[in-house]
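A.B. asks:
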Amino acid sequence: AVLGSVENNEWVAKKLVTEHNTDNTAEVQRILDEHPNEVNTVIKMDRLLGQLAPLRSMGDYRYKWSMETMKRFVSEKFVPPNYITPPYLSAKPDIMYHHLTSKDKFLILATDGLWDMLTPLDVVKLAGQHIQGKAYFTSFQIASPNPTIEALEEQLSQFKQNAKLRPKDRNG
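Heads up: the sequence shown begins at 446 in this note's numbering, then just goes up one per residue.
1) In whole angstroms, what separates the C-alpha of residue 521 from that of residue 464?
2) Leaving out five residues on either side along the sequence, give the residues of the same chain with a beta carbon under 8 Å from the beta carbon of residue 572.
3) Using the Cβ count rule (16 or more neighbours within 10 Å means buried), how would you classify residue 472?
4) Could you please give the first and the last residue of the uninterrupted beta strand (DSSP E) stretch that includes residue 420?
5) Give me, in chain order, the residues of the same chain whose beta-carbon lies closer than 6 Å to that of residue 669; leave out the 5 immediate sequence neighbours on both sides.
6) Give the straight-line distance between the Cα atoms of residue 462 and residue 541, rounded to the nearest whole angstrom.
7) Where does residue 563 fall in DSSP's three states?
8) Give a yes or no on contact between the segment 503-517 and the segment 530-541, applying the rule of three or more CB pairs nearer than 8 Å.
9) Among 455, 451, 460 and 493, whose alpha-carbon lies nearest the alpha-carbon of residue 555?
10) In terms of residue numbering, what span does the beta strand (DSSP E) encompassing residue 448 cover?
11) Can you grab the Cα-Cα spacing for the pair residue 596 / residue 590, in whole Å?
12) Using C-beta distances below 7 Å, list every residue in its chain close to residue 549, excluding the 5 sequence neighbours before and after it, in chain order.
13) Write down every uninterrupted run of the alpha helix (DSSP H) in the segment 470-503 whose length is 4 residues or greater and which is fully enclosed by it, in chain order.
14) Hey, quick one: how far does the alpha helix (DSSP H) through residue 550 stretch, first residue to last?
15) At which residue ranges does the segment 498-534 contain complete alpha helix (DSSP H) runs of 4 or more residues, listed in the order of the chain?
16) Where does residue 605 land, buried or exposed, given buried means 16+ other C-beta within 10 angstroms?
17) Look at the alpha carbon of residue 483 and the alpha carbon of residue 519, and state the distance between them as a whole number of angstroms.
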């Protein structure tokens with residue numbers, strides 16, 4: 446979760462979460478503490494059981510169900526390797542409080558896939574520009590075959606004004 450705010454006419458990104466992956470040493474220690482006899486297998490190659498990057502998730506049942514439940518509802522081939530003391534994955538959230546102000550404009554909730562590709566500030570700027578209508582890409586077309594300079598200036602001025610009001614796409 447990243448909060449998009451405006452301060453001094455600039456977009457600001459404030460992370461409202463602690464990442465639950467192997468970059469978070471406290472989170473890794475939590476996993477190791479929950480599975481003390483699996484220190485060499487529970488976290489491998491910076492992933493849970495060598496497979497999953499996030500260490501908390503609302504989905505990914507394969508890392509939460511008991512072996513009996515896994516065998517009953519899905520094929521054994523879907524059971525992760527070294528699956529000894531499930532559950533390995535938790536959906537328990539960290540709770541953070543933030544008092545909203547008039548500077549706060551929107552909240553972005555996304556999975557690790559987005560944050561692996563873009564920084565929080567990049568995402569906030571993209572969303573903010575969309576809201577402000579600044580990220581609209583329509584080519585300028587001259588209205589008549591032989592316009593005067595004044596007519597071109599008027600048409601260009603109108604085009605710029607309209608571009609400020611439109612979103613980037615039709616989801617507006």
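By construction, the Cβ of each residue, glycine as well, lies at the ideal position given by its N, Cα and C atoms.
C.D. replies: The relevant details are as follows:
1) When rounded, the distance between both Cα atoms is 31 Å.
2) Counting only Cβ-Cβ distances below 8 Å, and skipping sequence neighbours, we find 449, 551 and 553.
3) Per the 10 Å Cβ criterion, buried.
4) Past the boundaries of the shown model lies residue 420; the chain is included only from 446 to 617, so the question cannot be answered.
5) Here the chain has residues from 446 to 617 only, and residue 669 is not among them.
6) Cα to Cα, residue 462 sits roughly 7 Å from residue 541.
7) In the structure shown, residue 563 sits in coil (DSSP, three-state: anything other than H, G, I, E or B).
8) The segment 503-517 makes contact with the segment 530-541, as at least three CB pairs between them are under 8 Å.
9) Here the closest residue by C-alpha is 460.
10) Residue 448: member of the beta strand (DSSP E) spanning 447-452, first to last residue.
11) C-alpha separation (whole angstroms): 11 Å.
12) The answer, listed in chain order, is 448 and 450.
13) Qualifying alpha helix (DSSP H) stretches, in chain order: 470-479.
14) From DSSP, residue 550 is part of no alpha helix (DSSP H) but of the beta strand (DSSP E) over 549-553.
15) Counting only runs of 4 or more residues that sit fully inside the segment 498-534, the alpha helix (DSSP H) segments are 512-518, in chain order.
16) Label assigned to residue 605: exposed.
17) Rounded to the nearest angstrom, the two C-alpha atoms are 24 Å apart.
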